[in-house]
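**Student:** Below is a structure I'd like to ask you about.
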Amino acid sequence: MTEEKFWRTENDPHALLSALFPTRSEGSVVLQTRKCRHYLLACARRQWNRLPGVCREIVALAEVFAEYPRSEARLRALVAPIAEQLVHSAGDPGDLEEAARALRSAGEEDTPGGVRSRLAPEDQFDVPVVPEPFSETEWRGLASLVYLPFVLNTPPFKWVPRELHATDLLREIYYNPYVFIPFDSDWRTSDTLELARAAYNSRNFGGMPFLADALQEAGCTNSAILDHCRDTNARHVRGCWVVDRILNHG
């Protein structure tokens, strides 16, 4: 089986991630990428209705860090330890209340780079302390999705069980790393940029078919790009490989 077909047909997300991030020599490290962070955050967003309020809030802050990892180093310094502690907790109400208090305390930081200005109003995260009971494996997986975007190097994906990963999200963000898709800079017109930015910033990808039309008007004839935008079954997320190519995101 070719690598291209493997990526297109494999149903085990751990296997796809192992291919995407192969084990290197002992002691070597590879910095976590923006796309990797957005993949983990998309998986976390997919579990949104199951996440306690404090976890939702940390995910929202992780999304800020994913976009600006250099300038938001202090945000990471304040929030990552709180998220990491959740991974090592049992996820019971006391653990969640402790994390919420720590996050509120971090939100009171008045120093440059503090998290106060990034914390959304509490009512946006007002959900039961524990929406539903979790098994130990489920909780560790969910908490890992919340924490791992803050990790500086390529994270241990197997902390998250297969059922909380998603092969469709891997293909949504990475397309097929074994297939080269050319992208002409002439396709970055005012219309395509406006539509791509609107989708990215709002997380509302309902206008993707219009983006396909705009790309076509700009001269794009690539079927992979146009079909991805027009796929009515696709569940687009931040990190979508087509939107990223238009916005020239790394």
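Per our numbering, the sequence shown starts with residue 1136, numbered consecutively. The beta-carbon is built from N, C-alpha and C at its ideal position, and this holds for glycine as well.
Would the beta-carbon of ARG1380 fall within 9 Å of that of PHE1340?
**Tutor:** Taking the first residue of the sequence shown as position 1, residue 1380 is located at position 245. Taking the first residue of the sequence shown as position 1, residue 1340 is located at position 205. For ARG1380 and PHE1340, no; Cβs fall outside 9 Å.
**Student:** Give the C-beta separation of GLU1307 and CYS1375 to the nearest angstrom, bearing in mind that I take them to be a contact with Cβ-Cβ under 8 Å.
**Tutor:** Working through the sequence shown from its first residue, we reach residue 1307 at position 172. Working through the sequence shown from its first residue, we reach residue 1375 at position 240. So it is a contact: roughly 6 Å between Cβ atoms.
**Student:** Take ALA1278 and list the residues in its own chain whose beta-carbon comes closer than 8 Å to its own, dropping the five residues that flank it on each side.
**Tutor:** Taking the sequence shown and counting its residues from 1, the one referred to as residue 1278 is at position 143. Excluding positions up to five away in sequence, the list reads CYS1190, ALA1218, LEU1221, VAL1222, SER1224 and GLY1226.
**Student:** Within its chain, find whatever has a CB closer than 8 Å to the CB of PRO1296; leave out the 5 residues flanking it on each side and keep chain order.
**Tutor:** The sequence position of residue 1296 within the sequence shown is 161, counting from 1. Closer than 8 Å at the Cβ level, and outside the excluded window around PRO1296, lie THR1272, GLU1273 and GLY1276.
**Student:** Leaving aside the five residues before and after GLY1342 along the sequence, list all residues of the same chain whose C-beta is less than 8 Å from its C-beta, in chain order.
**Tutor:** Within the sequence shown, residue 1342 is the residue found at index 207, counting from 1. Taken in chain order, the residues that qualify are LEU1330, ALA1333 and ALA1334.
**Student:** Kindly list the residues whose CB is nearer than 8 Å to the CB of PHE1285, restricted to its own chain and excluding five residues on each side of it in sequence; keep chain order.
**Tutor:** Indexing the sequence shown from 1 puts residue 1285 at position 150. Answer for PHE1285: ALA1197, PHE1200, ARG1211, VAL1214, ALA1215, ALA1218 and GLU1219, listed in chain order.
**Student:** With a threshold of 8 Å (Cβ to nearest heavy atom), would TYR1310 be considered close to the ligand MG?
**Tutor:** Here there are no bound small molecules, and the ligand MG is not part of this structure.
**Student:** Could you tell me which uninterrupted beta strand (DSSP E) segments, each at least 3 residues in length, are contained entirely in the segment 1177 to 1259, listed from first to last along the chain?
**Tutor:** Whole beta strand (DSSP E) segments, 3+ residues: zero.
**Student:** Which residues in the same chain as ALA1241 place their Cβ atom closer than 6 Å to its Cβ, once the five residues preceding and following it in sequence are excluded?
**Tutor:** In the sequence shown, residue 1241 corresponds to position 106, counting from 1. Excluding sequence neighbours, ALA1241 sits near LEU1213 and VAL1250.
**Student:** With a cut-off of 8 Å on the beta carbons, I'd call LEU1152 and PHE1269 a contact; round off their distance for me.
**Tutor:** Locating residue 1152 in the sequence shown gives position 17, where the first residue counts as 1. Locating residue 1269 in the sequence shown gives position 134, where the first residue counts as 1. Contact doesn't hold; Cβ gap of about 23 Å is too wide.
**Student:** In angstroms, rounded to a whole number, what distance separates the CA positions of VAL1281 and LEU1299?
**Tutor:** Locating residue 1281 in the sequence shown gives position 146, where the first residue counts as 1. Locating residue 1299 in the sequence shown gives position 164, where the first residue counts as 1. Each residue's alpha carbon lies about 12 Å from the other.
**Student:** If you draw a straight line from the alpha carbon of ARG1143 to that of ALA1237, how long is it in whole angstroms?
**Tutor:** To locate residue 1143, count along the sequence shown from 1; it is residue 8. To locate residue 1237, count along the sequence shown from 1; it is residue 102. The alpha-carbon atoms of ARG1143 and ALA1237 are separated by roughly 43 Å.
**Student:** Could you say which of VAL1314, PHE1345, ASN1146 and HIS1371 lies nearest to ALA1359 if we only look at CA atoms?
**Tutor:** Residue numbering aside, residue 1359 sits at position 224 when the sequence shown is read from its first letter. Closest by alpha carbon: VAL1314.
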